[in-house]
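Note that numbering that gives the first Met the number 0 gives residue 92 to position 93 of the sequence shown, counting from 1, and the numbers run on in steps of one. Yeah, the Cβ is synthetic: ideal placement off N, Cα and C, and Gly gets one too. Model, not experiment: these values are computed from the prediction. As structure tokens, the structure follows; a few thoughts come after it.
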Amino acid sequence: MTIYQPLPEVANSGHRFDQGRHWAASLTLGFEGRQQNGRPVTRMATARHQGPLRVQRPFYPEGRHGCCHVYLLHPPGGLVSGDALQINATVGTGAHALLTTPAAAKLYKADSHGVAWAQHVHLTVEDGGTLEYLPQETLAFDGSRGTQTTTIDMGSRSQCIGWEVLALGRPASELPFATGQLEQRFQLTRGGVPVWQERQTLDPKHRRFKGKWGQGGHTVQATLWTVGLEDEAAAIEQLRAKLPDNPRWAVTRRGGVLLLRYLGNERNEAWAICQQAWEILRPRLTGQPAHIPRIWLT
């Protein structure tokens, strides 16, 4: 049996990883910009997978010369103790890709030994490339333990918009996130220079979880990022003018990264705000109107 070696990004997280069993899966995608009849096209040139993680064929709902839409498929539908997922995607010069998922991802309760899961997403956007990383929401069940890391390496003249929507517990079933521990890490570099680094631990036993200076007892949070806008200030003003007027979201910018945050208790509200923000920002970023992936409507 293969011995599980935790990813370097999560090996020092403090979680207990199983050294004798795991279910690893990996997916590596590569997108290239090409010319066809004198017009630019994006082609998925690389698609390698190991384990239960793969993609369907690429879709071109915006036309053959438009953005390439790809759905990331994880048939088990969630992560359990010992799982280790790694997703790598590279968008080359002149390519434009949109990555999403067919359904919400689930983070299940850890086993009786408290063994953690791990998920690492590594996105590379070369100069002149554009990536939209828009997975559907993640649902963390009570008792789940694991680490999510998202690493984004961008060229100095590339573009990227993406989000992460996380809901804790199952309020409808009266099963709050009362035990367990999640850790999220984000790192974004541009031209080799770190411009956004973040790490947070979600532990319902820690005072930060309920403190007003921390999570505040809220069960849903979301982060949307955008890099490559020509006029960040104007984009922020447009978001503030058009998004719902409530205190559960805010937008700012730092280091060339526009960041929109949501903290509340309504998963549908968080998703709606992120989607509306994307519909506003996409034309400013790419010059193309937002085209909702068909999978979101099923």
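DSSP lists His68 as the beta-bridge partner residues of Phe58. Rounded to the nearest whole angstrom, the CA to CA distance from Arg206 to Thr188 is 32 Å. Following the DSSP letters along the chain, one finds Leu181 inside the beta strand (DSSP E) bounded by residues 180–189. Here Gln34 has Val40 as same chain residues with Cβ atoms under 8 Å from its own Cβ, once five neighbours each way along the sequence are excluded. Residue environment: Arg38 is assigned as exposed (fewer than 16 neighbouring CB atoms within 10 Å of its CB, all protein chains considered). A straight line joining the alpha-carbon of Asp230 with that of His68 spans about 26 Å. For Trp224, the closest C-alpha among the options Ala44, Arg56, Gln135, Trp162 is that of Trp162. Residue pairing by DSSP leaves Arg207 without any beta bridge partner.
With fewer than 16 neighbouring CB atoms inside 10 Å of its own CB, Trp212 falls in the exposed class.
Counting along the chain, Gln237 sits inside the alpha helix (DSSP H) bounded by residues 231–241. DSSP places Leu106 in the uninterrupted beta strand (DSSP E) bounded by 104–106. Between the beta-carbon of Ala103 and that of Leu138 there is about 5 Å, and that keeps the pair under the 8 Å contact cut.
Glu197 counts as exposed, since fewer than 16 other beta carbons sit within 10 angstroms of its beta carbon. Ranked by Cα distance from Gln147, the first of His64, Leu78, Glu265, Gly29 is Leu78.
Two segments are said to touch when three or more pairs of C-beta atoms, one from each, lie closer than 8 Å; by this definition the region 280–287 does not touch the region 113–125. For Ala249, the secondary structure class from DSSP, reduced to helix, strand or coil, is strand. Spanning the alpha carbons of Phe185 and Arg63 requires a straight line of approximately 33 Å. Pro57 is the residue among Phe30, Gln214, Pro57, Met153 whose C-alpha sits nearest the C-alpha of Pro292.
Straight-line measurement puts the Cα of Pro175 at about 30 Å from the Cα of Trp277. The Cβ atoms of Leu262 and Val250 lie no closer than 8 Å to each other. Nearest Cα to Tyr107 within the set Thr89, Asp82, Ala96: Asp82. DSSP places Leu284 in the helix class (H, G or I) of the three-state scheme.
Cβ contact annotation for Ala46 (same chain, cutoff 7 Å, sequence separation greater than five): Leu28, Val54, in chain order. Bridge partners of Cys273 according to DSSP: none are assigned. Note on geometry: alpha-carbon atoms of Thr92 and His48 lie some 23 Å from one another. Shown here for Ala23: same chain residues with a beta carbon closer than 6 Å to its own, the five before and five after excluded, namely Gly50, Ala83 in chain order. For Thr297, the number of other beta carbons within 10 angstroms of its own is below 16, and it is reported as exposed. Residue pairing from DSSP places Trp116 in a beta bridge opposite Gly145. Excluding the 5 residues flanking it on each side, Ala234 has same chain C-beta neighbours closer than 7 Å at Leu228, Leu257, Leu280, Arg283, in chain order. By DSSP's assignment, Ile294 forms no beta bridge with any residue.
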